[in-house]
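In the UniProt record's numbering, the protein residues as written are 1 to 536.
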Amino acid sequence: MGKVRERVGSLLLSNTWNSSLSFVVYRGCGRHYCADKPICVECASDACNGRPESVLRPSHCLVCDSTDPFCTNGTRMSQYCDYLNEPCYTLVRNDGILERGCFSKLHLDYKGACMDETDRSCIACTSNSCNRDLWRQCVLCRSLELDQYCSREASLLKSHFCPQFQRNDRCYAKDVQGTVIRGCLSDYAAQEDPCEGLEGKDCYTCSSDHCNAKSLNGVDHLQECVWSPYTSLTKDCEVGDRACATVILPNGHTYRGCSRDPQCVAAGEECILCDSFSGCNIDRYPPDRLRCNICQSSISNSCKLLPYPRQFEKPCIRLVAGDRCATVFDGFNVSYRDCLSSVREEHLAKCSGSESSVECDVCTKWNCNTGTVRRDDRCLQCTSNMTHCSSGLRTATMCKVPSEGKCYSRVDEQGFLVRGCLSDISDQELKAACEKDDVDCVICEGQGCNAQFLPVNTLSCVQCDSRLQLNCAQEQKDDRNVQYCRRHVLDDRCYTRTDADGSLQRGCLSDLTNETLCNAVNTLRTVTPSNVTKSY
Numbered sequence: 001m002g003k004v005r006e007r008v009g010s011l012l013l014s015n016t017w018n019s020s021l022s023f024v025v026y027r028g029c030g031r032h033y034c035a036d037k038p039i040c041v042e043c044a045s046d047a048c049n050g051r052p053e054s055v056l057r058p059s060h061c062l063v064c065d066s067t068d069p070f071c072t073n074g075t076r077m078s079q080y081c082d083y084l085n086e087p088c089y090t091l092v093r094n095d096g097i098l099e100r101g102c103f104s105k106l107h108l109d110y111k112g113a114c115m116d117e118t119d120r121s122c123i124a125c126t127s128n129s130c131n132r133d134l135w136r137q138c139v140l141c142r143s144l145e146l147d148q149y150c151s152r153e154a155s156l157l158k159s160h161f162c163p164q165f166q167r168n169d170r171c172y173a174k175d176v177q178g179t180v181i182r183g184c185l186s187d188y189a190a191q192e193d194p195c196e197g198l199e200g201k202d203c204y205t206c207s208s209d210h211c212n213a214k215s216l217n218g219v220d221h222l223q224e225c226v227w228s229p230y231t232s233l234t235k236d237c238e239v240g241d242r243a244c245a246t247v248i249l250p251n252g253h254t255y256r257g258c259s260r261d262p263q264c265v266a267a268g269e270e271c272i273l274c275d276s277f278s279g280c281n282i283d284r285y286p287p288d289r290l291r292c293n294i295c296q297s298s299i300s301n302s303c304k305l306l307p308y309p310r311q312f313e314k315p316c317i318r319l320v321a322g323d324r325c326a327t328v329f330d331g332f333n334v335s336y337r338d339c340l341s342s343v344r345e346e347h348l349a350k351c352s353g354s355e356s357s358v359e360c361d362v363c364t365k366w367n368c369n370t371g372t373v374r375r376d377d378r379c380l381q382c383t384s385n386m387t388h389c390s391s392g393l394r395t396a397t398m399c400k401v402p403s404e405g406k407c408y409s410r411v412d413e414q415g416f417l418v419r420g421c422l423s424d425i426s427d428q429e430l431k432a433a434c435e436k437d438d439v440d441c442v443i444c445e446g447q448g449c450n451a452q453f454l455p456v457n458t459l460s461c462v463q464c465d466s467r468l469q470l471n472c473a474q475e476q477k478d479d480r481n482v483q484y485c486r487r488h489v490l491d492d493r494c495y496t497r498t499d500a501d502g503s504l505q506r507g508c509l510s511d512l513t514n515e516t517l518c519n520a521v522n523t524l525r526t527v528t529p530s531n532v533t534k535s536y
């Protein structure tokens, strides 16, 4: 973390760094230590200078000008400023160059404008890298001054940054009684329409850089704006309306249409406009809108098991803060998948909690609602040659496919006890036998319910090897080494045998191979328990 300097007075936390942005932090005591240090914090309580290094990181802003295209579009990497909590700024200089930077480096001639909140020729902001906003560029001219260069025909003039900043600013071109004017919508007061009172052929607004260089003699309205992206419906805008619109309504739904539609007018600056091509308002808005699997099992059986990746991935219909993806179950089967904001009213109760329920599984990541089985559809899934399977002490795990909450335990042809989910049994005859509570197979309902079943031919013996456990050769006086036999077969017995090397093994006779049994005639002693299932 750096060196510690001891000083007298208040506690301090200071920071220095070099051009490679490697930081050195100093902590200690001092009086007026921070007076001449831009990156320094003083405090006056015990151990108050223990805050993390991150609090001493200076602000960072974009530091560049519009001679760099990455500066113009706001994608240039940010740089650290000289001070803590230093504002960032964006302005258009007197020479027409867009400049972004840290406030302490701003030329004195512009500081007054940047500190005046009513002056939109300079924008200051206080969060890291906040000076990335796009500043619109439009053709700025009047025909009275430039005559043929600013006529109704397409203009050859270059664009300039608008004098005033406005988020989602637009350009305009209009002909007022023979005088052609091209400029920025931000030149007008809020909600003021530069085209008011003019016919569509005499005025238009547009939403991309340099877009108002186009002729005033062209098409007087934009055709085929997207109206419903899910059905590909479009609508023609009214005469004079040259932009498509996308707006988030108060209920979170997205409206798409034309810029003069009431929904867009009511939203003001929050209505996103485009005019680059017919149907340009097709794009997802906002770009980071949550996406989930959206489908119904009653319409597509694939909705239950999602056999194809991203088959049903779609953006949420509504834009709601804190929205999540959801999988809603009907019984133990998937009923439908959707965004939490679109869950049916009758299911809100089981989906509205802060955490998932077994009937409504919710998650926060994109397209995360991929669950196919209810979280409580769990069984022990093992065979008796696996640790703790016979004793039922293994953890129940989620079934691979819905099992209606039903588990089974059965003895297979080799005498092994098998536990699992009923949906895993594909042999219909075997499943029918289990459903009749066959002596070697039972079915139960409930999470992990198949942990309790033991077949009638269940034997437990001491199972150990003196080569691995020294106490195996001693008299067994407790149940420490007693385990269920892996096989559940008729007339099984416990054995004790000595090997050629003098070691001793104890176990279940059913675990020995035929070769071992034949070679161990003189070294094998069996015990047949009487009325007990546990023997030494």
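Cβ atoms here follow ideal geometry from the backbone N, Cα and C, with glycine treated the same way. Fair warning: this is a prediction, and the values are worked out from it, not measured in the lab.
- A buried status is given to S259, since no fewer than 16 other beta-carbon atoms sit within 10 Å of its beta-carbon.
- For the 8 Å CB-CB criterion, S423 and F453 do not form a contact.
- Look at the UniProt domain "DUF753" (459-520) and you find these whole runs of alpha helix (DSSP H), each 4 residues long or longer: 514-519.
- In the DSSP assignment, F70 falls within the unbroken alpha helix (DSSP H) covering P69 to T72.
- Nearest in C-alpha terms to R291, of all of S341, I248, G257 and S300, is S341.
- In the DSSP annotation of this structure, V320 is not part of any alpha helix (DSSP H), being labelled neither H nor E.
- Taking C-beta atoms as the reference points, C88 and P58 fail to come closer than 8 Å.
- Beta-bridge annotation (DSSP): C206 is paired with C171.
- For G420, the enclosing beta strand (DSSP E) starts and ends at L417 to C421.
- Contact annotation: the stretch 444-458 touches the stretch 404-420, with at least three C-beta pairs closer than 8 Å.
- Here DSSP, grouped into helix, strand and coil, assigns E224 to coil.
- DSSP places M398 within a strand segment (E or B) once states are collapsed to three.
- When rounded, the separation of the alpha-carbon atoms in S127 and C303 is 44 Å.
- In the DSSP assignment, V265 falls within the alpha helix (DSSP H) that extends over P262 to A267.
- G252 places its beta carbon 8 Å or farther from that of W227.
- Assigned with DSSP and collapsed to three states, E313 falls in strand.
- Among the bridge pairs identified by DSSP, C34 is matched with none.
- Contact check for D376 against N369 fails: the beta carbons are separated by 8 Å or more.
- Your pair C464 and R493 does not check out as a contact, with CB atoms roughly 16 Å apart and the cut at 8 Å.
- Between the stretch 208-215 and the stretch 168-182, the count of C-beta pairs closer than 8 Å reaches three or more; the two stretches touch.
- Under the three-state reduction of DSSP, G257 is assigned to strand.
- C485 and L517 do not touch by the CB rule: their CB atoms are close to 15 Å apart, not below 8 Å.
- A straight line joining the alpha-carbon of P250 with that of G371 spans about 32 Å.
- Put simply, the backbone Cα of P309 is about 10 Å away from that of N367.
- The Cβ neighbour count for H488, taken over all protein chains shown within 10 Å, is at least 16; the residue is labelled buried.
- Spanning the alpha carbons of R467 and L504 requires a straight line of approximately 8 Å.
- Judged by DSSP in its simplified three-state form, E413 adopts coil rather than helix or strand.
- A direct Cα-Cα distance of roughly 32 Å separates C363 from P52.
- The criterion of a C-beta distance shorter than 8 Å is not satisfied by C389 and L430.
- According to the DSSP secondary-structure assignment, C449 is paired through a beta bridge with no residue.
- Counting only residues of its own chain and dropping the five nearest sequence neighbours on each side, D202 has a CB closer than 7 Å to the CB of K174, D175 and L216.
- C264 sits close to V247, with the two beta carbons spaced by under 8 Å.
- In the three-state scheme derived from DSSP, where H, G and I count as helix and E and B as strand, K406 is classed as strand.
- Short of 8 Å from the beta carbon of C71, and not among the five residues preceding or following it, lie these beta carbons of its own chain, in chain order: L62, C64, D65, L98 and R100.
- In this structure, the straight-line span from the alpha carbon of S129 to that of S78 is close to 6 Å.
- In the DSSP assignment, E42 falls within the unbroken beta strand (DSSP E) covering C40 to C43.
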